[in-house]
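Here's the structure, in structure tokens; my notes come after.
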Amino acid sequence: MTMETSMKTVGTIADVQDVLSTVRTQGKKVGFVPTMGNLHDGHLSLVREAKKRCDYVVVSIYVNQLQFGPNEDYDSYPRTFEEDQELLVQEGVDLLFTPTSHEIYPEGAEHHTVVRVDALDGMHCGSSRPGFFTGIATIVCKLFNILRPDVAVFGEKDFQQLAIIRKMVEDLCMPIEVVGAPIARADSGLALSSRNGYLTADERNAAALLYQVISEAREQILAGERNYDAIHRDGFVKLARAGFKPDYFNIVDRHTLQPATLKDDKLVILAAAMLGRARLIDNVQLDI
Ligand code: PAF
Numbered sequence: 012m013t014m015e016t017s018m019k020t021v022g023t024i025a026d027v028q029d030v031l032s033t034v035r036t037q038g039k040k041v042g043f044v045p046t047m048g049n050l051h052d053g054h055l056s057l058v059r060e061a062k063k064r065c066d067y068v069v070v071s072i073y074v075n076q077l078q079f080g081p082n083e084d085y086d087s088y089p090r091t092f093e094e095d096q097e098l099l100v101q102e103g104v105d106l107l108f109t110p111t112s113h114e115i116y117p118e119g120a121e122h123h124t125v126v127r128v129d130a131l132d133g134m135h136c137g138s139s140r141p142g143f144f145t146g147i148a149t150i151v152c153k154l155f156n157i158l159r160p161d162v163a164v165f166g167e168k169d170f171q172q173l174a175i176i177r178k179m180v181e182d183l184c185m186p187i188e189v190v191g192a193p194i195a196r197a198d199s200g201l202a203l204s205s206r207n208g209y210l211t212a213d214e215r216n217a218a219a220l221l222y223q224v225i226s227e228a229r230e231q232i233l234a235g236e237r238n239y240d241a242i243h244r245d246g247f248v249k250l251a252r253a254g255f256k257p258d259y260f261n262i263v264d265r266h267t268l269q270p271a272t273l274k275d276d277k278l279v280i281l282a283a284a285m286l287g288r289a290r291l292i293d294n295v296q297l298d299i
């Protein structure tokens, strides 16, 4: 069946730049939502945010090999292009950019120039996934240079990713407004993620506990508890008892991502844990 759509889909840098140069001569504000596909309501909420702020919205779908470790799920990462394309048409996206790996890393990812944001790497997800954020900063920088959007929208679920991209944009004087959009959750509270597809039905029910445990920690802090080490240990124990393999459960300053001190008042609780085959991450922000 041919889809009736005004959304263009292009795969080369030359073609996407050609389309966008015409769009820019029309004086349109360009919004961008980078994705790795397998789209869910969380991604679509980013698209809606971009549409609210911009006249023209570009989405990219590219599973970026540079952000996957050697033992991670690059090969099995869900690729659902036809469904994704249809969802983006329904959302009224103007342009879909789906480059091949050869287009992005013509000499191979291992020979490509990289962007490292050391100040916010090496902790939380960065310490358990070496190279992960370098892979992300590199592809996002490259996509920004190719597309030159006015606005780029990222989900707050990937809180450290968002912080790293904001820092890269600020440090490298990129003329792009970076917008963070709230976490989209299932009714159970589970943060939406493409990797939730790895969960069995039982695990999916259990997975909601991650958000509950983070929310309980938030309530404790709001009630006046300031022993962050104890809250951190408590979070770990609760998750491990429920069958998770917790990676981290950290109460940090929202700007530096360093462990919260008694002077900090804008906090975020960041957590990551394995449940079955799925690595789940979530966070909750709080002002005290
Ligand atoms: O958040 C993601 O889906 C990816 O890390 C991103 C930003 C599209 C870069 O590959």
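If you use my numbering, the sequence shown corresponds to residues 12 to 299, in order. Idealized CB from N, CA, C, for every residue including glycine.
Alpha carbon of tyrosine 187 to alpha carbon of arginine 64, nearest angstrom
Residue numbering aside, residue 187 sits at position 176 when the sequence shown is read from its first letter. Residue numbering aside, residue 64 sits at position 53 when the sequence shown is read from its first letter. First, the amino acid is wrong: residue 187 is isoleucine here, not tyrosine. C-alpha separation (whole angstroms): 13 angstroms.
Would you mind sorting valine 248 into buried or exposed? The rule is 16 or more other CB atoms within 10 Å of its CB.
Counted from its first residue, the sequence shown places residue 248 at position 237. A residue is called buried when at least 16 other Cβ atoms come within 10 angstroms of its Cβ; valine 248 does not meet this threshold and is exposed.
What ranges does the beta strand (DSSP E) occupy inside the segment 162-216, keeping only unbroken runs of at least 3 residues that lie completely in it?
Counting whole runs of 3 or more residues, the segment 162-216 contains the beta strand (DSSP E) stretches 162-166 and 188-192.
Helix, strand or coil for alanine 234? Go by DSSP, reduced to three states.
To locate residue 234, count along the sequence shown from 1; it is residue 223. In the three-state reduction of the DSSP assignment, alanine 234 falls in the coil class.
Can you round the beta-carbon distance between valine 126 and alanine 163 to whole angstroms, since I take them to be within the 8 angstroms contact cut?
Translated into positions along the sequence shown, residue 126 becomes position 115. Translated into positions along the sequence shown, residue 163 becomes position 152. Going by Cβ atoms, the distance from valine 126 to alanine 163 rounds to 15 angstroms, so no, they are not a contact pair.
In the structure shown, what three-state DSSP assignment does glycine 48 receive?
As a working note, residue 48 is residue 37 in the sequence shown. Annotated three-state conformation of glycine 48 is coil, per DSSP.
Per-residue burial, methionine 14 [other beta carbons within 10 Å of its own, 16 or more giving buried]
Locating residue 14 in the sequence shown gives position 3, counting from the first residue. The predicted model places methionine 14 with a pLDDT of 48, which falls under 50 and marks its position as unreliable, so this point remains unresolved.
Glutamate 260 versus glycine 191 - alpha carbon distance
Within the sequence shown, the letter at position 249 stands for residue 260. Within the sequence shown, the letter at position 180 stands for residue 191. Glutamate is not the amino acid found at residue 260; the sequence shown has phenylalanine there. If I take the Cα positions, the gap works out to 22 angstroms.
Does the ligand PAF have even one heavy atom less than 7 angstroms from the beta-carbon of threonine 46?
Translated into the one-based positions of the sequence shown, residue 46 becomes position 35. Yes, the ligand PAF has a heavy atom inside 7 angstroms of this Cβ.
Residues near alanine 219 in its chain [Cβ-Cβ closer than 6 angstroms; skip 5 each side]:
Numbered from 1 along the sequence shown, position 208 holds the residue referred to as residue 219. For alanine 219, where only same-chain residues beyond five positions count, the Cβ hits under 6 angstroms are Ser199, Gly200 and Leu201.
Assuming proline 45 and serine 71 make a contact with CB atoms under 8 angstroms, what is their CB distance in whole Å?
Against the sequence shown, residue 45 aligns to sequence position 34. Against the sequence shown, residue 71 aligns to sequence position 60. Separation of the CB atoms of proline 45 and serine 71 is rounded to 5 angstroms, and the pair is thereby assigned contact status at 8 angstroms.
Proximity to serine 56 [Cα-Cα], best of Cys152, Gln78, Val104 and Tyr88
Within the sequence shown, residue 56 is the residue found at index 45, counting from 1. Comparing alpha-carbon positions, the option among Cys152, Gln78, Val104 and Tyr88 lying closest to serine 56 turns out to be Val104.
Output needed for threonine 23: all residues of its chain with C-beta closer than 8 angstroms, excluding positions within five of it in sequence on either side, in chain order.
For the purposes of this step, residue 23 is taken as residue 12 along the sequence shown, with counting starting at 1. Excluding sequence neighbours, threonine 23 sits near Pro110 and Glu114.
Among the candidates Gln28, Arg90 and Asn75, whose CA atom is the shortest distance from the CA of phenylalanine 144?
To locate residue 144, count along the sequence shown from 1; it is residue 133. It is Asn75.
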